[in-house]
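First residue of the sequence shown? That's 0 in numbering that gives the first Met the number 0, and the numbers climb one at a time after it. First the structure, in the form of structure tokens, and then the observations on it.
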Amino acid sequence: MTVSVASFGLVGLGVISLAGEGRATEIEKPFNRERATQWMRRAIELSRKAMELGDGFPFGSVIAKEGEIVGEGWNRSWVNRDPSAHAEIEAIRDACKRLDTLSLEGCDVYASAQPCPMCIAAIYWAGANRIFFGNSARDIAALDPNLDATFIYQALTKPAEQRPVTERELLREEVMEVFRGYAAIKK
């Protein structure tokens, strides 16, 4: 799967295409500029909601499929005491519930800001097609160093043994036994 970033002139709206084998890229797959702008404005509205409610940082996200909003979320990290309750994660949870599926194939994600590495990974796992975002991670970091995720992007480019959070294998064979059992059931 390749990731490309392009601009479609939607007032600074960036686009990340999650094009993979057999999937259209952002240039091949047309989109409705008017709807995209409408959904991005809704994501911005949700970012304001997060701030006004005091639920979390000012981030909002919308997930759309076939011309309809199927999921929405805003950052709820503070209110939920959950560092993973980012707007995109909340929108993914909402969309998967509404669609009664684990797959967001055919969906586009609209985020008020460029998603962090955790959210990008979740979007990949969910199988969404594209991410549209309002401002970049650099824009955010320049405004508030507390929201600077650069160190995470940098850490993830390093081998596991060189990252600030250490990773160690433990009880591998016991865990492999569980996974072998799972693999046997899936056959």
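Idealized CB from N, CA, C, for every residue including glycine.
Taking 7 angstroms as the cut-off, the Cβ atoms of Arg41 and Val61 count as close. For Lys48, the enclosing alpha helix (DSSP H) covers residues 32-52.
Boundaries for Glu176: no beta strand (DSSP E) harbours it, while the alpha helix (DSSP H) harbouring it runs 171-185, taken from the DSSP string.
Here Asp143 is exposed, its C-beta having fewer than 16 other C-beta atoms within 10 Å. Bridge pairing for Ala112: Asn134 [DSSP]. Glu166 and Asn31 have their C-alpha atoms some 44 angstroms from each other. Cβ-Cβ separation between Ala63 and Gly55: approximately 22 angstroms, too far for a contact (criterion under 8 angstroms).
Cβ-Cβ separation between Ala140 and Leu146: approximately 7 angstroms, consistent with a contact (criterion under 8 angstroms). Here the alpha carbon of Glu172 sits roughly 45 angstroms from the alpha carbon of Gly53.
Distance check between Pro114 and each of Gly105, Asn74, Asn79, Asp81 places Asn74 closest, using alpha-carbon atoms only. For Ser60, the secondary structure class from DSSP, reduced to helix, strand or coil, is strand. The secondary-structure analysis by DSSP pairs Cys106 across a beta bridge with Lys64. In the displayed model, Glu160 falls within a helix according to three-state DSSP. Taking Pro116 as the centre and dropping the five residues before and after it, the same chain places the C-beta of Ala148, Ile151, Tyr152, Leu155 closer than 8 angstroms to its C-beta, in chain order. In this structure, Ala112 lies away from Asn128, with their beta-carbon atoms at least 7 angstroms apart.
For Ser76, the enclosing alpha helix (DSSP H) has its first and last residue at 76-79.
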